[in-house]
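Chemist:
Residue numbers (our numbering): 9 to 181.
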């Protein structure tokens, strides 16, 4: 019976040995925490504006994208394999984005809605990929720029292009 339990313990140890040393544990933890925070920042902005994809969605997309590149890299995948993984992420997020566009478009078929949400999810995945690949500074800079686009660009557009002109003159001043 003792050897049976030892085999169970040895098997469990082997199953959880993908993070071999403290530096690798720190690297994985930092990358996943950073990407969760960055995705959360973008998601908070979207949720604050009442958009469909909010904090949880953006955090999960960012962390998922990071994991999709982090795990193969840790397993020793070469650059060609990682390139295929990134291509799969980009295509997969495209389907997720298409779902947000179609969902928003059900009410009024003459107006396309959800493009910014879809683009934001796509950007969030790219930020996740960057952080997962160990490019945390690039991920942080990209998040700051995306947050600026989400927050500042609507104000700039409204300043130079009043709503009545954007809507084809349908609103009376």
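By construction, the Cβ of each residue, glycine as well, lies at the ideal position given by its N, Cα and C atoms. Values in this document were obtained by computation on a predicted structure and should not be read as measured data.
#1: Would you kindly work out how many angstroms separate the C-alpha atoms of residue 105 and residue 33, rounded to a whole number?
#2: Write down every uninterrupted run of the beta strand (DSSP E) in the stretch 21-86 whose length is 3 residues or greater and which is fully enclosed by it, in chain order.
#3: Among the residues of its own chain, which have a CB less than 8 Å from the CB of residue 159, if the five just before and after it don't count?
#4: Classify residue 92 as helix, strand or coil using the three-state DSSP reduction.
#5: Rounded to whole angstroms, what is the Cα-Cα separation between residue 66 and residue 124?
#6: Are the stretch 21-38 and the stretch 53-64 touching by the rule of at least three beta carbon pairs closer than 8 Å?
#7: Give the secondary structure of residue 141 by DSSP, where H, G and I count as helix, E and B as strand, and everything else as coil.
#8: Buried or exposed for residue 136, please, with buried defined as at least 16 other CB atoms from any protein chain shown within 10 angstroms of its CB.
#9: In whole angstroms, what separates the C-alpha of residue 131 from that of residue 13?
#10: Expressed to the nearest angstrom, what Euclidean distance is found between the alpha-carbon atoms of residue 21 and residue 11?
Modeler: In short, the structure shows the following:
#1: Taking the first residue of the chain shown as position 1, residue 105 is located at position 97. Taking the first residue of the chain shown as position 1, residue 33 is located at position 25. Between residue 105 and residue 33, the C-alpha separation is close to 32 Å.
#2: With a minimum length of 3 residues, no continuous beta strand (DSSP E) run stays inside the stretch 21-86.
#3: Counting from one through the chain shown, the residue named residue 159 turns up at place 151. The answer, listed in chain order, is 53.
#4: Residue numbering aside, residue 92 sits at position 84 when the chain shown is read from its first letter. Residue 92 falls in the helix class under three-state DSSP.
#5: Position 58 of the chain shown, counting from 1, holds the residue named residue 66. Position 116 of the chain shown, counting from 1, holds the residue named residue 124. Cα-Cα distance, rounded: 13 Å.
#6: no
#7: Here residue 141 is taken as the residue at index 133 of the chain shown, counted from 1. Of the three classes helix, strand and coil, the one that applies to residue 141 here is coil, per DSSP.
#8: Start at 1 with the first residue of the chain shown, and residue 136 comes out as number 128. When all chains shown are included, residue 136 counts as buried.
#9: Within the chain shown, residue 131 is the residue found at index 123, counting from 1. Within the chain shown, residue 13 is the residue found at index 5, counting from 1. One alpha carbon belongs to residue 131, the other to residue 13, and they sit about 48 Å apart.
#10: Your numbering for residue 21 matches position 13 in the chain shown. Your numbering for residue 11 matches position 3 in the chain shown. Answer to the nearest angstrom: the Cα atoms are 15 Å apart.
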